[in-house]
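Novice: Here this note's numbering = 1-based position in the sequence shown + 2.
Beta carbons are placed, not taken as given, at the ideal position from N, Cα and C, and that holds for glycine.
For clarity, every value in this text was computed on a predicted model and none was experimentally measured.
A single structure is presented below for examination.
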Amino acid sequence: MEAQKICAKQYKEQRLKLNAKFLTAYLVTDAPLQLLHDTQTLWLNQVQQCKSKSCYQQQFDARLDDLNFYTSMNQTLTQHYLKYEHGKLAAQPVHLQIHQLDKDKLKIEGTAYRNPNNRLETQTLSLLAYSTPEQKGQIIDNEKKCQYQLDFQKALLIIKSTQKDCGRFTGIYRLYD
């Protein structure tokens with residue numbers, strides 16, 4: 003039923019635009035291609051929850067922004083992680099990016115996606131922290147002041163926090179490289 007909504011005639015222009023942007027991203031990005039595919043799957047899961055025309059439009063716009071990001075920014079200095087639960091992409095998606103700003107500075111950005119039918123300002127939760135390569139095992143979110151312990155393993159990242167309201171970004175993440 004939901005797939006029929008996104009395939010409806012009224013969304014043809016957005017689908018064509020999205021398909022063209024996905025192809026461009028696929029051809030020119032230096033981000034891992036599996037990341038493009040998995041974020042597309044996450045996006046489809048989000049858009050299928052939509053119950054209004056404005057929700058669909060917001061989701062199309064958000065995906066176009068994501069694809070623009072993958073094509074416009076040098077991804078070789080960015081590590082991408084997606085949250086996993088029980089060996090699958092998490093039902094409540096979380097995308098974490100660790101940018102190497104220079105040799106002594108890291109920027110850690112996270113986006114946790116919530117129900118797309120929520121008000122626009124409550125559809126996502128953000129994490130933003132800065133660190134150094136030597137101290138990246140302990141970070142503090144600039145906004146909510148949550149403290150996180152990051153355990154980097156070969157292809158996994160495990161994030162923990164002992165603080166009560168800081169659990170949204172905790173869990174196991176898979177590295178895309």
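Helix, strand or coil: how does DSSP classify Q125 here?
Specialist: In the structure shown, Q125 sits in coil (DSSP, three-state: anything other than H, G, I, E or B).
Novice: Using a 10 Å radius around the Cβ and a threshold of 16 neighbouring Cβ atoms, would you call V30 buried or exposed?
Specialist: By the 10 Å Cβ count, V30 comes out exposed.
Novice: For the alpha helix (DSSP H) that contains L35, what are its first and last residues?
Specialist: Counting along the chain, the alpha helix (DSSP H) containing L35 begins and ends at 35-49.
Novice: Classify T41 as buried or exposed, calling it buried when 16 or more other Cβ atoms lie within 10 Å of its own Cβ.
Specialist: The residue is buried, with at least 16 neighbouring Cβ atoms inside 10 Å.
Novice: For G89, count neighbouring Cβ atoms within 10 angstroms of its own Cβ and tell me buried if that reaches 16, exposed if not.
Specialist: It is exposed - the Cβ of G89 has fewer than 16 other Cβ atoms within 10 Å.
Novice: At which residues does the beta strand (DSSP E) containing F24 begin and terminate?
Specialist: Note, F24: premise wrong, no beta strand (DSSP E); alpha helix (DSSP H) at 14-30.
Novice: What are the boundary residues of the alpha helix (DSSP H) that L66 is part of?
Specialist: Here the alpha helix (DSSP H) through L66 covers 55-74.
Novice: Could you tell me the distance, in whole angstroms, from the CA atom of V49 to the CA atom of Q60?
Specialist: C-alpha separation (whole angstroms): 9 Å.
Novice: Could you give the C-beta distance for L20 and L66, rounded to a whole number, given that I count them as a contact under 8 Å?
Specialist: Indeed they touch by this definition, with Cβ atoms about 6 Å apart.
Novice: Got a sec, what are the start and stop residues for the beta strand (DSSP E) G139 sits in?
Specialist: That residue, G139, is in no beta strand (DSSP E); it is neither H nor E in DSSP.
Novice: What are the residues that DSSP puts in a beta bridge with A114?
Specialist: V96, L127.
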